[in-house]
Amino acid sequence: MKNKKKLIKVAIDSPAAAGAGTLARAVSKHYNLLYLDTGKIYRMIAFIKINQKKKFNQKYLKTKIKNLNIKNLQNKKLLSDEVGNEASVIAKNKKIRKLVHSFQIDCAYKPPKKFNGSCLDGRDITYKIVPDADFKFFITANLKIRAKRRFLELKNLKKKASFFDVLKSIKKRDKSDYNRKVSPLKKTKDSILINTSNLSKRACFLKIKKIIDKKIINNGNL
Ligand code: C5P
Numbered sequence: 144m145k146n147k148k149k150l151i152k153v154a155i156d157s158p159a160a161a162g163a164g165t166l167a168r169a170v171s172k173h174y175n176l177l178y179l180d181t182g183k184i185y186r187m188i189a190f191i192k193i194n195q196k197k198k199f200n201q202k203y204l205k206t207k208i209k210n211l212n213i214k215n216l217q218n219k220k221l222l223s224d225e226v227g228n229e230a231s232v233i234a235k236n237k238k239i240r241k242l243v244h245s246f247q248i249d250c251a252y253k254p255p256k257k258f259n260g261s262c263l264d265g266r267d268i269t270y271k272i273v274p275d276a277d278f279k280f281f282i283t284a285n286l287k288i289r290a291k292r293r294f295l296e297l298k299n300l301k302k303k304a305s306f307f308d309v310l311k312s313i314k315k316r317d318k319s320d321y322n323r324k325v326s327p328l329k330k331t332k333d334s335i336l337i338n339t340s341n342l343s344k345r346a347c348f349l350k351i352k353k354i355i356d357k358k359i360i361n362n363g364n365l
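My numbering numbers the first residue of the sequence shown as 144 and each following residue consecutively.
The structure is reproduced here in structure tokens:
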């Protein structure tokens, strides 16, 4: 019988706009992992709440989530600060978190065969969704730098935003994500801290690559 390939599972948690998405994408590309930005799932639900109020009920959400695939999370409309703020409100809801749980588990543990594993980023990935991940990272950066990055990102997307408003909304989201009762953002003891404040994207990627390569080389394929 053929040996079953051991999947590489990477779990990342981070506060908003710390650069986790960029890094997770680069890591996924390099190691051929399925990438899931779990924040997009909460953003999609928030988008429904904002724009399709009448449809915002458990039954509709259940069918939406049942038919969910990573491609339909790539909608640029999900990227606004308004949607992000609403996402952090609905993310406090235990029932909603339960609804999206199994989609995340499937992506993490059963990625399509063409991939070598999975890489998920979010707020509760390292301790709730993929607690047995092979690699766990907590990616952060100081508040002003995160706000600046987010502001530039919104400008590039041609979305109206002031630096001050972006700073305020990230601060508010941090407060809510770190302090909520259900699945709060936290750095687990077994996560490696990467502070991206003074590092280029390339430098951050190389830091993570070094950590992953070392373990892969030491353990054969893992
Ligand atoms: O990562 P992103 O900023 O797109 O996430 C939007 C919001 O979704 C976060 O502020 C957080 O409240 C929520 N979220 C969460 N758990 C995750 C991912 C995102 O609660 N795993």
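C-beta atoms are modelled at their ideal positions from N, C-alpha and C, and glycine is treated no differently.
Everything numeric in this text was worked out from a predicted model, so none of it was measured.
* Asked: Could you check where the beta strand (DSSP E) with residue 226 kicks off and where it finishes?
  -> Note, residue 226: premise wrong, no beta strand (DSSP E); alpha helix (DSSP H) at 224-233.
* To do: Please name the residue in 214, 166, 331 whose C-alpha comes closest to that of residue 279.
  => Minimum Cα distance to residue 279 is reached at 331.
* C-alpha gap between residue 175 and residue 148, whole angstroms -> Each residue's CA atom was taken as its position, placing residue 175 and residue 148 some 13 angstroms apart.
* Return the Cβ separation of residue 226 and residue 189 in integer angstroms, given the expectation that the two are a contact with Cβ distance under 8 angstroms. => Correct: roughly 5 angstroms between the Cβ atoms.
* Taking the Cβ atom as the reference point for each residue, do residue 348 and residue 159 lie within a distance shorter than 7 angstroms? -> By the CB criterion at 7 angstroms, residue 348 and residue 159 fall outside the cutoff.
* **Closer than 6 angstroms: residue 374 CB and nearest the ligand C5P heavy atom** => There is simply no residue 374 to check, as the chain begins at 144 and stops at 365 in what is shown.
* Simplified DSSP assignment, three categories, for residue 153 -> Residue state, collapsed to three classes: strand.
* Cut-off 8 angstroms between Cβ atoms - residues of its own chain near residue 230, not counting five sequence neighbours on either side -> Listed in chain order, the non-local C-beta contacts of residue 230 below 8 angstroms within the same chain comprise 182, 185, 186, 188, 189, local neighbours out to five positions each way being set aside.
* Asked: Quick one: is residue 255 buried, meaning 16 or more other Cβ sit within 10 Å of its Cβ, or exposed?
  -> Here residue 255 is exposed. Its C-beta has fewer than 16 other C-beta atoms within 10 Å.
* **Endpoints, the beta strand (DSSP E) within which residue 282 is located** => It spans 278-283 - the beta strand (DSSP E) in which residue 282 sits, taken as one unbroken run.
* Using alpha carbons as the reference points, say which of 261, 292, 282 lies closest to residue 273. => Nearest option by C-alpha distance: 261.
* Asked: So what does residue 262 bridge to, in DSSP terms?
  -> Residue 262 pairs with 153, 178.
* Quick one: residues in its chain with C-beta nearer than 8 angstroms to the C-beta of residue 352, no 5 flanking neighbours on either side, listed in chain order? => Around residue 352, the same chain offers 170, 173 as residues with beta carbons nearer than 8 angstroms, after the five sequence neighbours per side are excluded.
* Please indicate yes or no: does the CB of residue 181 lie closer than 6 angstroms to some heavy atom of the ligand C5P? => Shortest gap from the CB of residue 181 to any heavy atom of the ligand C5P: under 6 angstroms.
* CA nearest to the CA of residue 221, picked from 329, 325, 297 -> The closest CA to that of residue 221, considering only 329, 325, 297, is found on 297.
* Label residue 289 either buried or exposed according to how many other C-beta atoms from any shown protein chain fall within 10 Å of its C-beta, with 16 as the threshold for buried. => Residue 289 comes out buried.
* Asked: Do the CB positions of residue 177 and residue 258 come within less than 7 angstroms of each other?
  -> Yes; because the gap between Cβ atoms is below 7 angstroms, this pair is in contact.
* Asked: For the candidate residues 334, 339, 343, whose alpha-carbon lies nearest to that of residue 355?
  -> Taking residue 355 as reference, the option from 334, 339, 343 with the minimal CA-CA separation is 334.
* Asked: What are the boundary residues of the beta strand (DSSP E) that includes residue 337?
  -> Run containing residue 337: 335-338, per the beta strand (DSSP E) assignment.
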